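Below you'll find the structure, written out as structure tokens, and then a few comments.
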Amino acid sequence: MDTSHLVSSLTGPAMDKSLYAARLAEFALRLKPNSIAVVVSNPERTRSNDTEFEYRQSSDLLYLTGFPEPESALIVSNVGGKVTSHLFVLPKDRKREVWTGIRHGIEGARKNFNCDKAFTSDQFATAIDSAVARAETVYYKFGASAHFDAQFDKVWKANQKPLENVEEILHEMRLFKSPRELEIMRHAARISAAAHVEAMRLCAPGSTEYQVEAVLESVFRFNGADGTAYNSIVAGGNNAVILHYTTNRDRLKDGDLLLIDAACEYRGYASDITRTFPVSGKFSEPQRILYQLVLDSQLAAIRASKPGNCLDDVHNAACRVLRQGLAKLGLISRDVVTLAGERRALKRYAADHALAKKSGKALPDEPITLRSFYMHGTSHWIGLDVHDVGTGGTRDPRGKKRELKPGMCFTVEPGLYFDKNDKRVPKQFRGIGIRIEDDIAITEKGHDVLTAGVPKAVDIIERIMDHGNVIRMNAKR
Ligand SMILES: [Mn+2]
Numbered sequence: 000m001d002t003s004h005l006v007s008s009l010t011g012p013a014m015d016k017s018l019y020a021a022r023l024a025e026f027a028l029r030l031k032p033n034s035i036a037v038v039v040s041n042p043e044r045t046r047s048n049d050t051e052f053e054y055r056q057s058s059d060l061l062y063l064t065g066f067p068e069p070e071s072a073l074i075v076s077n078v079g080g081k082v083t084s085h086l087f088v089l090p091k092d093r094k095r096e097v098w099t100g101i102r103h104g105i106e107g108a109r110k111n112f113n114c115d116k117a118f119t120s121d122q123f124a125t126a127i128d129s130a131v132a133r134a135e136t137v138y139y140k141f142g143a144s145a146h147f148d149a150q151f152d153k154v155w156k157a158n159q160k161p162l163e164n165v166e167e168i169l170h171e172m173r174l175f176k177s178p179r180e181l182e183i184m185r186h187a188a189r190i191s192a193a194a195h196v197e198a199m200r201l202c203a204p205g206s207t208e209y210q211v212e213a214v215l216e217s218v219f220r221f222n223g224a225d226g227t228a229y230n231s232i233v234a235g236g237n238n239a240v241i242l243h244y245t246t247n248r249d250r251l252k253d254g255d256l257l258l259i260d261a262a263c264e265y266r267g268y269a270s271d272i273t274r275t276f277p278v279s280g281k282f283s284e285p286q287r288i289l290y291q292l293v294l295d296s297q298l299a300a301i302r303a304s305k306p307g308n309c310l311d312d313v314h315n316a317a318c319r320v321l322r323q324g325l326a327k328l329g330l331i332s333r334d335v336v337t338l339a340g341e342r343r344a345l346k347r348y349a350a351d352h353a354l355a356k357k358s359g360k361a362l363p364d365e366p367i368t369l370r371s372f373y374m375h376g377t378s379h380w381i382g383l384d385v386h387d388v389g390t391g392g393t394r395d396p397r398g399k400k401r402e403l404k405p406g407m408c409f410t411v412e413p414g415l416y417f418d419k420n421d422k423r424v425p426k427q428f429r430g431i432g433i434r435i436e437d438d439i440a441i442t443e444k445g446h447d448v449l450t451a452g453v454p455k456a457v458d459i460i461e462r463i464m465d466h467g468n469v470i471r472m473n474a475k476r
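Residues 0 to 476 in numbering that gives the first Met the number 0 are what the sequence shown lists, from first letter to last.
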């Protein structure tokens, strides 16, 4: 059976066989001589009784092979100067396939997924036994699959071969996106951007968080995305101060802001976008002031996203603007307006706290600093995983400064969060949570904003939302 259509049938950019072959060759090149590397699939996970969560291949196996099915594994051997790749897959089984879907089988695996040889999954135990015996070094990482861990562990313990972490090689490779990967990520970002614009157009007082969620996710699916890259956060009003609010059950109120952190995955690659806008379509004065501050901080961080800088520089650029803005508004004091000042204050607090604890005195209040209202980082890598692998905001695995280089992709997502009960802030700012997030790719000259398709300037957001003649969800006509 010709199953080549299963690898890349939809329109839109995709990986192809030659790119996977090049990747596998590059991976083999990075292995020590006379070694083998084993990469295994994620297990299926039960959602309810006898039904499973939608299956998602482990990102490492996906990266090396594109093979999408569970109970699969890859052994790459680099012994005696000869590189081979063997893929272990579920066998064709007409009766099972009627229930669980078409399998590539051994033939499909060999034909469409670049391996030198393919075997059935139940041959893995025997194969790993002889592969480990022949190797001087073995690369593996425990923890992905209990099933394969048990089989590997038995053989590895019996053979006493030095163990290296396969992720150290793979994740360093995954940190740098190839031109085709960037095309795929740009496509994912375009779909997510369109979804955010649609949510802005349709949102109105009286509609609900889950209706907005439905709008977003329908745009993802309609445009051929795999699905969501992570659970959608659609948080009206004070819900936005809960960083991972995914309940999405409340009604949206006139006068509140709406924070949406939602994006799709396309051909295995994630996008990640956050926008915050007024439910009514018009920012109130306090909302606009805080929103503009977060936006200015995000723009400063994006400007710092260039070769030679590191992620800490990006974070510091964002924080600098936020600290100055908060000091100007009187939300933090002048002596914590710099990073050094903030560090001093927190150090003093830690010492006072320890002392009070020791002597049984009343514990001091934590000083009010940027960390009180912005408690997360500014960036994470993005790729096959939404919080992608790759070490180091500052240092690489060798302890050298982790400079940003072309092909690296990450988010820039500063925010400010003022709980409705936070007595440390003026009333007009309480119950406001704002985050603005874009996906950035580092280029030779600087950067490319992959998610530029969704506006973030105050006037443009207000213009998009000001459609008197557009029928909005649940809006009174
Ligand atoms: Mn993010």
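Backbone N, C-alpha and C fix where the C-beta goes; we use that ideal spot for every residue, glycine too. Only a predicted model underlies this, so the values are computations on that prediction, with no experimental measurement involved.
- DSSP places Y62 in no beta strand (DSSP E) but in the uninterrupted alpha helix (DSSP H) bounded by 58–64.
- Near ligand 1, meaning a beta-carbon closer than 5 angstroms to one of its heavy atoms, we find D271, T410.
- The segment 145–154 and the segment 165–174 do not touch, with fewer than three beta-carbon pairs separated by less than 8 angstroms.
- Rounded to the nearest whole angstrom, the C-alpha separation of G280 and A198 is 12 angstroms.
- Bridge partners of R434 according to DSSP: G414.
- Per DSSP, V457 lies in no beta strand (DSSP E); the unbroken alpha helix (DSSP H) holding it starts and ends at 457–464.
- With a contact defined as Cβ atoms closer than 8 angstroms, I259 and R248 miss out at about 15 angstroms.
- Boundaries of the beta strand (DSSP E) around K116: 116–119.
- Only residues of its own chain outside the window of five on either side were considered, and among them E135, T136, V137 have a CB closer than 8 angstroms to the CB of P161, listed in chain order.
- By the beta-carbon neighbour count (other beta carbons within 10 angstroms, threshold 16), R93 is exposed.
- Bridge pairing for P277: L256 [DSSP].
- DSSP places D447 within a strand segment (E or B) once states are collapsed to three.
- K81 counts as exposed, since fewer than 16 other C-beta atoms from the protein chains shown sit within 10 angstroms of its C-beta.
- Counting of Cβ neighbours within 10 angstroms places P178 among the exposed residues, the total staying below 16.
- Going by DSSP, T99 is part of the alpha helix (DSSP H) stretching over 93–99.
- The Cβ atoms of L23 and V88 do not sit closer than 8 angstroms to each other.
- Between S84 and C114, the gap from beta carbon to beta carbon is short of 8 angstroms.
- With respect to G389, L174 sits close: the two C-beta atoms are nearer than 8 angstroms.
- DSSP places N111 inside the alpha helix (DSSP H), whose first and last residues are 104–111.
- A Cβ-Cβ distance of about 6 angstroms is found for the pair V293 and G414, placing them in contact under the 8 angstroms criterion.
- If you ignore the 5 residues before and after F52, its C-beta comes within less than 7 angstroms of the C-beta of R44, R46, all in its own chain and listed in chain order.
- Boundaries for G324: no beta strand (DSSP E) harbours it, while the alpha helix (DSSP H) harbouring it runs 310–327, taken from the DSSP string.
- Burial state of P425 is exposed, judged by a 10 Å Cβ sphere holding fewer than 16 other Cβ atoms.
- Taken through DSSP and simplified to helix, strand or coil, G389 comes out as coil.
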